[in-house]
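All remarks here apply to the structure that follows.
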Amino acid sequence: MTSHVTGLLTVAETVAETGASESTIRRRLREKAFPGAVRETGGGWRVPREDLVAAGLLTGSPVEGEAVEETVVDVRDPVVVDVALVERAARAEARVEVLDGLADEVARLRSDLAEWRDRAVGAEATRDAAVAEAERLREVDGRRAGELAAAVERAARAEGRAEGLLARITPRAVEAVDVDSDVEDAVVDEEDAVEPETAGETLAEEVPPVVDEVEEVERPGAWSAVRGWFRRR
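Sequential numbering from 2 applies to the sequence shown in our numbering.
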């Protein structure tokens, strides 16, 4: 395109000459980037070519009154436009590839996040079950410990009662019992077979039913059970 560097251009002509957008030209006018611009009566603007060259929107050496050919680079030249579009398209495709890769990475991260959330839910459920089982076992252990303590206490009381009963059954008490003649021989034989110091223990071992039946030796009639036991023998 052939144009002159000198002269005044309307906004539309300026856009056509420079290839800049109308909004850019009007913004530069508001910024007073074109000192020689003239505002017409109707409100339109005319911009000197010199100001466009000075602003870098046109190329060439402005000479007053001299026509200069091919000093303006027309950015609308099909070849220039095609090259620019190809470059922009290549950059856009590169960005699209990057964005696609990022989208795949985001999808993978979201999948991993969902998987870890599921694992966290499962782990929490397992933890709750383990805590509940531990509480149950503690309760069972507590009951068993209480039962064991009660059993030990009962055994201790029974042992104390047995020792008390055995202490009351002595050879001297047996000699004092008035028994029948046939039973008396059996008693004498038992005494001869047992050492004096162990007679009480032996008799206690031989007559466990009497221990259960006799609560106190001194009670009247307590030794009647002893006589009955010897008769059954």
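For every residue, glycine included, the Cβ atom is placed at its ideal position computed from N, Cα and C.
By the neighbour-count definition (other C-beta atoms within 10 Å, threshold 16), Ala-38 is a buried residue. Exposure of Thr-42 is indicated by the presence of fewer than 16 other C-beta atoms within 10 angstroms of its C-beta. With respect to the 7 Å criterion, Trp-46 and Leu-30 are classified as neighbours on the basis of their beta carbons. Shown here, Thr-25 sits in a helix according to DSSP, grouped into three states. About 12 Å separates the beta carbons of Thr-25 and Val-48, which is beyond the 8 Å limit, so they are not a contact pair.
Between Ala-91 and Ala-56, the CB-CB gap reaches or exceeds 7 Å. Rounded to the nearest whole angstrom, the CA to CA distance from Asp-119 to Arg-109 is 15 Å.
For Leu-53, the enclosing alpha helix (DSSP H) begins and ends at 50-55. For Arg-40, the closest alpha carbon among the candidates Thr-60, Val-54, Glu-18 and Leu-9 is that of Leu-9. For Thr-42, no alpha helix (DSSP H) encloses it, and the DSSP letter there is neither H nor E. DSSP places Leu-10 within a strand segment (E or B) once states are collapsed to three. Unbroken alpha helix (DSSP H) stretches of 4 residues or longer found wholly inside the stretch 107-184: 172-176, given in chain order.
In the structure shown, Thr-60 adopts coil according to DSSP, grouped into three states.
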